[in-house]
Every structure is written in structure tokens, then in C-alpha cells.
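Residue numbers (my numbering): 1 to 402. First comes the structure, then the notes that go with it.
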Ligand SMILES: Cc1cc2nc3c(=O)[nH]c(=O)nc-3n(C[C@H](O)[C@H](O)[C@H](O)COP(=O)(O)OP(=O)(O)OC[C@H]3O[C@@H](n4cnc5c(N)ncnc54)[C@H](O)[C@@H]3O)c2cc1C
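What follows is the structure, given as C-alpha cells:
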């Protein structure tokens with residue numbers, strides 16, 4: 001029995017573990033684990049959780065079309081996986097666990113290690129795949145070459161059917177109806193700007209490459225145009241893996257070849273592909289340096305930027321920034337957009353971060369946390385490093401830092 005554990009790779013196409021686990025009509029149990037630990041935090045992010053749930057539901061629907069379904073377990077993932085494994089062992093079926101690497105900080109790293117230790121200690125087989133390009137041994141000189149080799153390789157095809165036997169597993173489970181009810185504070189939003197799921201991800205990419213990409217290279221700096229779709233709006237999809245960066249890369253490259261007689265179009269698409277690469281390079285950085293999610297890259301700045309509680313005066317300033325009440329119209333409009341929409345374009349994210357850190361002298365730790373609380377695409381790998389960049393502390397020799 002192949003245990004197919006989805007995490008932040010919520011798609012059927014170009015998904016290494018889906019392709020391998022379902023090969024040769026093997027018996028497969030696709031599942032996701034709702035870990036209540038995540039939902040207790042203030043900054044878990046309503047827009048993001050809603051996007052996740054919608055993506056899970058879409059994955060379930062797409063699996064059903066192939067004769068399968070997505071089982072939702074609820075509980076501590078280490079315990080669930082141990083019990084699930086034992087369930088099959090008790091029935092003389094040898095389980096093989098498939099999951100993709102997910103770049104995490106302490107909690108996720110410890111969790112994955114415990115699961116792998118359990119499998120190794122029982123001499124059980126597992127397959128640890130790649131969700132997107134990731135160098136496992138630090139070799140900076142080869143990073144670019146390996147990145148492009150990965151992006152140009154043939155994507156994993158989606159399965160045509162999936163063989164999932166009917167099972168009565170005595171572990172805590174949720175139906176989608178129960179999920180939406182139990183976690184309803186995340187589900188009920190006044191207005192939803194970003195719909196989750198692989199189906200939606202493909203539609204979003206198609207609409208971007210059909211027309212929206214035109215003028216991307218200059219429109220991306222215009223908040224109004226970016227909000228209305230001049231940038232791809234694929235960020236939450238890339239965060240939750242409802243589409244792979246490789247799929248986006250290859251479709252974009254094909255479009256650029258088709259339009260090679262229009263230099264401006266090619267230029268826009270090249271700019272876009274560069275940003276896709278940034279996505280993977282930020283993830284790569286967190287993989288080798290998980291500490292940068294919370295610490296300054298250079299301790300020289302520890303006295304200046306740290307997560308210590310703010311003085312009452314700074315707290316008032318921070319509150320005004322969060323609420324969009326600083327008196328600076330562009331900052332205020334952007335900060336209100338973040339709360340309302342769960343999204344801001346790149347330049348506005350950068351400007352508001354610089355304003356808080358450099359102009360207000362408030363540590364990036366506070367701002368990054370606020371962004372994570374509201375961004376539908378919140379990704380620690382990008383958010384926290386971008387905050388350090390905008391605070392001017394990723395290069396101690398740079399003159400940005402005042
Ligand atoms: C302070 C700050 C915090 C940020 N936090 C996040 C975050 O939590 N999650 C997130 O996905 N992006 C983050 N970004 C990067 C960027 O703003 C968003 O990726 C982008 O605005 C998303 O819109 P889009 O999908 O339309 O982007 P597009 O312009 O269409 O770009 C395509 C994709 O490339 C990647 N990308 C684009 N810009 C960047 C960048 N500067 N760095 C790394 N990858 C990039 C994203 O995956 C994006 O979806 C942050 C930027 C700043 C300045």
C-alpha cells in the first residue's frame with residue numbers, strides 16, 4: 001500500500017510523488033493531515049488557510065474524477081503516520097510512504113525527522129521527492145545550472161486513474177463539510193480575492209499568458225495595475241504547490257518562443273521568469289539557513305533589529321502602520337489593501353517594509369509577522385528574507401543601511 005502524503009504540493013500534475021506512487025496501478029491512499037497545532041496561532045492567516053482548504057477540496061474533486069479521493073486526517077502528523085503505518089502492518093500489508101520535501105523551520109523539520117526515523121527504525125521503505133527545484137548539498141556555483149536543468153526537464157504526467165481501495169481506518173478524520181464547520185472562522189470571509197486549487201492555478205496561468213503579461217515589466221510597479229492582474233497572481237498557488245514553478249516556467253518559455261518576433265513581449269516574459277527563479281532561490285536559502293526566518297543574517301544588526309517588545313511610543317506607531325493610519329496616503333492605502341485583500345504588489349510590500357523599519361525604526365520581525373498574518377501567499381522563506389532585504393541588512397557593506 002502506497003501512502004501518498006500531500007503537504008504544500010497540492011496538485012496532480014508535475015508532482016513527483018503522485019506520479020511514482022500511482023505507477024503500475026498500485027494501491028494508493030492519498031491523504032492530508034490537518035494539524036491543529038497550526039491553527040492555534042494568531043498569525044496563521046485567515047486568507048491563507050481558506051486558500052489551503054479550497055485547494056484541498058479541489059484536489060479531492062480531481063482525485064474523485066480518477067476513482068480516488070483525499071482522506072483528511074486530523075491530529076499530530078507523527079502520531080497519525082505511526083498509527084496509519086501500524087494499521088497496514090497489522091493487516092500484513094507493507095506500507096510505503098511518499099512525501100515531497102517541504103522547506104520548513106523548527107516544527108516541520110523536527111516532525112519530518114521523527115517520521116523518517118520511525119520508518120528507518122522499522123526498516124520500512126519511503127520516497128522523499130522534490131516539490132520544486134532544491135539543491136540538497138550546498139554548491140552555490142552549480143545552483144543556476146542545476147536550477148535550469150530541473151526547470152527544463154519533462155514534468156511528471158498526471159495519472160489517468162488511481163487505485164484507492166475502500167478502507168475503514170480508525171483514525172480521527174474529517175469530511176470536507178466537517179472541515180468547513182470546525183474551522184469555520186477561516187472559511188467565512190466577506191470577500192475572497194484568490195481562489196485555491198490546481199484547476200484555478202491553471203486558469204490563472206492561462207489568463208496571464210493569454211494577455212495579462214503584456215507590459216508586465218513596467219506594470220508590476222504600478223499598484224493599481226498589479227492589483228487588477230498585470231502581474232500573474234500566482235503567488236498563493238506557488239506557496240501551496242497547486243502548480244509547480246516548472247509548469248509555469250515551461251509554459252512561459254513556450255509563449256516567449258512563440259512571440260520571439262516581439263521583443264517587448266519576450267522582455268516581459270523574461271522578467272517574469274526571473275522572479276520565478278527568485279521564488280526557488282528564497283526557498284533554497286531557508287533550506288540551508290532555517291534560522292534566518294527569525295534571526296538577522298548578520299548579528300552586527302542584533303542591537304538595531306530584534307523581536308523585543310516595543311516601547312509604548314513605537315507600539316502606537318506600529319499600530320498606525322498596521323491599520324493604515326500613518327497619514328502617508330500610499331502607505332495607508334497599501335496597508336489597508338493588505339488587510340482587505342490579503343495581497344499587495346511587490347513594490348508596495350517593499351515600500352511599507354522600508355517605511356516601518358528604516359523610517360519608523362521598528363524591527364522587521366514585527367512587520368514580517370503582520371504580513372504573514374494577512375498575506376494569502378505568506379511564505380516564511382520569502383517574507384522574512386524580503387523583510388531583512390528591505391530593512392537594508394542583508395549586506396552589511398551596503399549603503400542602504402542608515
Ligand atoms: C516585504 C516583502 C514580503 C514578501 N512576502 C512574500 C510572501 O510571503 N510570499 C510570496 O510569494 N511573495 C512575497 N513577496 C514577493 C512578491 O511581492 C510577491 O511574490 C508578488 O507580489 C506576488 O504577486 P504575483 O504572484 O502576481 O507576482 P509575479 O510578479 O507575477 O511573480 C511571479 C512569481 O514569482 C515569485 N516572486 C515574485 N516576486 C518575488 C520576489 N521579490 N521574491 C521572491 N519571489 C518572487 C512569486 O512566487 C510570484 O508568484 C514579498 C515581497 C516583499 C517586498
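Idealized CB from N, CA, C, for every residue including glycine.
For residue i, three-class secondary structure by DSSP
i: residue 402; result: Any reading at residue 402 is ruled out, since the residue's pLDDT is 49, under 50, leaving its predicted position unreliable.
i: residue 213; result: coil
i: residue 300; result: helix
i: residue 6; result: coil
i: residue 404; result: Any answer about residue 404 is impossible in this case: the structure gives the chain only from 1 up to 402.
i: residue 92; result: coil
i: residue 163; result: strand
i: residue 72; result: strand
i: residue 248; result: helix
i: residue 386; result: helix
i: residue 15; result: coil
i: residue 87; result: helix
i: residue 395; result: coil
i: residue 55; result: helix
i: residue 1; result: coil
i: residue 208; result: helix
i: residue 292; result: helix
i: residue 272; result: helix
i: residue 243; result: coil
i: residue 375; result: coil
i: residue 193; result: coil
i: residue 307; result: coil
i: residue 223; result: helix
i: residue 262; result: coil
i: residue 334; result: helix
Reference residue i; option with closest CA among the options
i: residue 390; options: 213, 162, 363; result: 363
i: residue 232; options: 240, 258, 257, 202; result: 202
i: residue 191; options: 394, 352, 51, 37; result: 51
i: residue 10; options: 316, 63, 23; result: 63
i: residue 280; options: 144, 196, 175, 215; result: 144
i: residue 80; options: 68, 185, 118; result: 118
i: residue 195; options: 254, 107, 236; result: 236
i: residue 283; options: 384, 77, 68; result: 384
i: residue 189; options: 381, 275, 342; result: 342
i: residue 368; options: 33, 22, 43, 75; result: 43
i: residue 318; options: 347, 212, 354; result: 354
i: residue 167; options: 70, 142, 82; result: 70
i: residue 53; options: 156, 197, 214; result: 197
Closer than 7 angstroms: residue i CB and nearest ligand 1 heavy atom
i: residue 211; result: no
i: residue 272; result: yes
i: residue 158; result: no
i: residue 292; result: no
i: residue 33; result: no
i: residue 275; result: yes
i: residue 46; result: no
i: residue 379; result: yes
i: residue 333; result: no
i: residue 132; result: no
i: residue 51; result: no
i: residue 249; result: no
i: residue 371; result: yes
i: residue 362; result: no
i: residue 21; result: no
i: residue 261; result: no
i: residue 383; result: yes
i: residue 232; result: yes
>> Report the start-end ranges of each alpha helix (DSSP H) in the stretch 338 to 370 that is 4 residues or longer and not cut off at the edges.
In response: 346 to 354
> Are there three or more Cβ pairs, one per stretch, closer than 8 angstroms when the stretch 370 to 378 is compared with the stretch 38 to 47?
Replying inline: yes
> Are at least three pairs of beta-carbons, each pair with one atom in the stretch 285 to 302 and one in the stretch 156 to 168, less than 8 angstroms apart?
Replying inline: no
> Are the stretch 219 to 229 and the stretch 82 to 94 touching, with three or more C-beta to C-beta distances below 8 angstroms?
Replying inline: no
> Can at least three beta-carbon pairs, one atom from the stretch 1 to 11 and one from the stretch 29 to 37, be found at a separation below 8 angstroms?
Replying inline: yes
>> Quick check on the DSSP output: what are the complete beta strand (DSSP E) runs of length 3 or more inside the stretch 121 to 183, in order along the chain?
In response: 126 to 129
>> Can you confirm whether the stretch 95 to 113 touches the stretch 125 to 138 when touching is taken to mean that 3 or more C-beta pairs between the two stretches lie within less than 8 angstroms?
In response: yes
> Contact between the stretch 169 to 177 and the stretch 318 to 327: three or more CB pairs below 8 angstroms?
Replying inline: no
> Can you find at least 3 beta carbon pairs, one from the stretch 250 to 268 and one from the stretch 134 to 149, that sit closer than 8 angstroms?
Replying inline: no
> Does the count of Cβ pairs from the stretch 248 to 258 and the stretch 297 to 305 closer than 8 angstroms reach three?
Replying inline: no
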